[in-house]
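K.L.:
Got a structure for you, written out below as structure tokens; questions coming shortly.
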Amino acid sequence: MDNVTQRLLWLYETSPQSIAIYLVQNQQPDKAITYAHLIHGSAAYARALKDAGVLPGEVVILILQHGEDLVYGFFGAVMHGAVPAIMPFLTEKLSTEQYRRSLTALFEITAPAAVITYPEFLSEVQQAIKPGSSVRKVLVSSQVTPQPELASPLIDGGLRRSSQDILLLQHSSGTTGLQKGVALSHQAVFNQLESYSQALALSSSDVIVSWLPLYHDMGLIAGFVLPVLFKVPLVLLSPFDWVRAPSKLLHAVARYRGTLSWLPNFAYNFTAQKVRPRDLAGLDLSSWRAVSNCSEPMYWKSHQMFLERFQPYGLAASALTTCYAMAENVFAVSQGGICSPVSVDRISQRRLLTDRVASPAENGEDYINMLSAGSPLSNTRLRILDQHHHVLPERHLGEIAISSDCLLTGYYNRPDLNDKVFQDGWYLTGDLGYLANGEVYVTGRKNDLIIVGGKNIYPQDLENLASEVQGVHPGRVAAFGVPNDVTGTEDVVIIAEVDTGNVATTSAELADSPEFSHIADEIRQKVTRGSDIALRYVKLVRRGWLLKTSSGKVARSANRERYLAELMAG
Amino acid sequence: MTPEIMPALASYIAIQILKQPNKVIRPDEPLLSSGLVDSFNLVDLSLFIEKTFNVFIDDTELNPQTFDNLAQLTALIETRL
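Chains as they are written, first to last, in the working numbering: chain V, 1 to 570; chain Z, 1001 to 1081.
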């Protein structure tokens, strides 16, 4: 098959009554969506786009909450032959001004022909459309007329797409991320789904359960496109419901005998810590065969915490799996833990930071337990490169480069970026890691690099060290370099969030308090011992001080700017 | 005995969520839309309400549609007492 519309049509004709999606809804019964429902629902959106004059190949932005409209809007755009891109919905936390700016930036680069949203969000979208914008039509979900059957002219546009045409655009968070739409072809998506389903040993008895947002590659591909196109039943929960009631994921797994899920690392901790005992009564998680940790640095401790909490409810230790993925490869690059347990590599902390080599830790030495992200998919090759793009041997830390038949076509309308990220057909991921015994270990990101005295320092390393200090909120630490024109190199600064309890809340007060000054001392000691780097400043701040991206990561450069601005202001 | 609802909620939010025990939260002060309380705190908040006031609150009942300030949250709890 050349394109996704042909695949959908085949599913519609051969399995109209099979259930594609069980939509878990808040305070309402679950809704079972068959392939017939799915295609009819999507056809309504295809018709609306056609009537609006949107042409095949044009981009359609979807700004909809997790639910039926989003599902049908996405596949409706595909069936019409248009290119859907899902934008995160505005949350109560995000400022509307910031959101509008993001939308405007997205519209400028992506040049969409149409936007689909809710009636109540119409004016917000219209305000983001500047004069001369490419957006010709803002469709509202309430105006979409249900289609009782599939009228074939509606999907002509989709059926005619070639395998090399763009299927969808995938963005990452933040203003910068929204200006970098990863364009993926039909063929690339099919190739990924084929090779990833082999790596997962996917079978007709699998059931995928996901609460992940669809604007992120993990949710969109693993938790949506893969199950729908490969006829694996999908149990779909809303991320908003999950975050308020993490037990809902467990209940969905138990109710539908779920076998596969994907979680970012923090979700292991969150679920293990926040579920009420009464919500676990009678739960049976024994059907879960792979819960893959993916999309942020993975911690062995998080796996342990999750296992300890849920093993009494049937969770198998072998169900803790790992995955390394990126939108630029459609999704997965590697998968670990399916045929054998995830490898844990106990490496010397000192040698990793000082020599950039992952050597097994010797007795008594400070070590890091690295979780393997597994072996590359059968269609994906992987190498580790030094800064001059020479291939490094095993166990040497460097930039991960990948080559596969499912790489992005390019960043949409950004030829400037495409030249930078491809080298001889290899995609430079910007991720740092090493290979050992054919498996990949991801240690951090290349950017936000700090250079002190000619030595490259990766802020994540320092942040992880500081996070280990008692009293510091793990992960709520920013490390960055500040130029010092006296020494001619960079000073390393760490800002760490601490629980201030019922004492001082300003940094000056924190620094003066004996209770907290020892935390700063320990951070210095830990970092220096772990990395050979002396910190110039350790600033303790109250919870919530550090600026985060919309995906919840600490935004190093933004915090650096804030720190410098406060310094200047005295 | 059930403690007075609003002061108990205010002190829980100030101490446990905001870690600013001296902070005075006004009854009409936006909590969710202001970002003071984020979605990750709502689970903890519902656990606290159940335990303190002995009422049953379903996790997802606490959301930006049902309350955004102390007065609204207090009213919600009062309907369950």
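Where is the CB? At the ideal position from N, CA and C, for every residue including glycine.
(1) Compare the C-alpha of V:Gly-282 against each of V:Phe-266, V:Ala-254 and V:Lys-274 and name the closest.
(2) Give me the residue from V:Leu-280, V:Glu-468 and V:Asn-447 with the minimum Cα distance to V:Pro-459.
(3) Where do the N-terminal and C-terminal ends of the beta strand (DSSP E) with V:Asp-345 fall, by residue?
(4) Grouping DSSP H, G and I as helix and E and B as strand, with all else coil, what is V:Pro-84?
(5) At the level of alpha carbons, what is the spacing between V:Val-393 and V:Glu-120?
(6) The beta strand (DSSP E) spanning V:Gly-336 covers which residue range?
(7) Please name the residue or residues paired with V:Lys-548 in a DSSP beta bridge.
(8) Rank V:Glu-468, V:Ile-129 and V:Val-333 by C-alpha distance to the C-alpha of V:Ser-404 and give the top, closest one.
(9) What's the C-alpha gap between V:Leu-465 and V:Asp-284?
(10) Of all Cβ atoms in chain V, is any one closer than 9 Å to the Cβ of Z:Leu-1042?
(11) Ignoring anything shorter than 3 residues, give me the beta strand (DSSP E) runs that lie fully in the region 162-241 of chain V, in order along the chain.
(12) For V:Lys-130, does the three-state DSSP call read helix, strand or coil?
(13) In chain V, which residues lie with their C-beta within 9 Å of the C-beta of Z:Ser-1011?
(14) Can V:Val-209 and V:Val-182 be called in contact, C-beta distance under 9 Å?
(15) To be precise: take each residue of the region 242-257 of chain V, compare its Cβ to all Cβ atoms of chain Z, and keep it if any distance is under 9 Å. Which residues remain?
(16) Using a Cβ cut-off of 7 Å, which residues of the region 1057-1080 of chain Z contact any Cβ in chain V, in chain order?
(17) Can the beta-carbon of V:Ile-533 be found less than 9 Å from the beta-carbon of V:Leu-428?
(18) If you draw a straight line from the C-alpha of V:Val-243 to the C-alpha of V:His-216, how long is it?
(19) Decide if the region 10-26 of chain V is in contact with the region 160-172 of chain V; the criterion is three or more beta carbon pairs, one per stretch, under 8 Å apart.
(20) Can you name the start and end residues of the beta strand (DSSP E) that V:Glu-399 belongs to?
(21) The alpha helix (DSSP H) that contains Z:Ala-1008, what's its start and end?
(22) Would you report the Cα separation of V:Glu-497 and V:Lys-548, rounded to the nearest angstrom?
(23) Does the distance from the C-beta atom of V:Asn-26 to that of V:Asp-241 stay below 9 Å?
(24) Is it right to say V:Phe-190 is buried, meaning 16 or more other beta carbons lie within 10 angstroms of its own, or is it exposed?
(25) With 9 Å as the threshold, decide whether the Cβ of V:Lys-50 is near any Cβ in chain Z.
(26) In angstroms, rounded to a whole number, what distance separates the CA positions of V:Val-330 and Z:Ile-1077?
(27) Name the chain Z residues that come within less than 7 Å of V:Arg-276, Cβ to Cβ?
(28) Just the chain Z side, please: which residues come within less than 9 Å of V:Ala-27 by C-beta, in chain order?
(29) List the DSSP bridge partners of V:Pro-483.
(30) How big is the Cα-Cα spacing for V:Leu-382 and Z:Ile-1025?
(31) So does the region 346-362 of chain V actually touch the region 535-545 of chain V, counting three or more Cβ pairs closer than 8 Å?
(32) Could you say if the region 424-442 of chain V and the region 514-531 of chain V meet the contact criterion of at least three C-beta pairs nearer than 8 Å?
(33) With a threshold of 7 Å on Cβ separation, who are the neighbours of V:Ala-319 within its own chain once the five nearest residues in sequence on each side are excluded?
(34) Using a Cβ-Cβ distance under 9 Å, would V:Gly-174 count as near chain Z?
(35) Taking C-alpha atoms, which residue in V:Gly-398, V:Leu-23 and V:Leu-377 lies nearest to V:Gln-387?
(36) Less than 8 Å separating the Cβ of V:Val-391 from some heavy atom of the ligand FAD?
P.N.:
Let me spell this out:
(1) V:Ala-254
(2) V:Asn-447
(3) 344-348
(4) strand
(5) Sequence check: residue 393 of chain V is Pro here, not Val. If you take the alpha carbons of V:Pro-393 and V:Glu-120, they lie about 56 Å apart.
(6) 332-336
(7) V:Val-554
(8) V:Val-333
(9) 37 Å
(10) yes
(11) 166-170, 182-185, 208-210 and 234-236
(12) coil
(13) Result: empty, since nearest Cβ-Cβ is about 11 Å, beyond 9 Å.
(14) no
(15) Val-243, Arg-244, Ala-245, Pro-246, Ser-247 and Lys-248
(16) Asp-1059, Thr-1060, Leu-1062, Asn-1063 and Pro-1064
(17) no
(18) 16 Å
(19) no
(20) 398-404
(21) 1005-1012
(22) 12 Å
(23) yes
(24) buried
(25) no
(26) 46 Å
(27) Leu-1047
(28) First, the residue type needs correcting, since residue 27 of chain V is Gln and not Ala in the sequence shown. Within 9 Å Cβ-Cβ: Asp-1058, Thr-1060 and Glu-1061.
(29) V:Glu-490
(30) 54 Å
(31) no
(32) no
(33) Trp-288, Arg-289, Ala-290 and Val-291
(34) Residue placement at V:Gly-174 is flagged as unreliable, the pLDDT there being 49, under the threshold of 50; a coordinate-derived value is accordingly withheld.
(35) V:Gly-398
(36) For the structure depicted, the ligand FAD is absent and the ligand set is empty, with no information on it obtainable.
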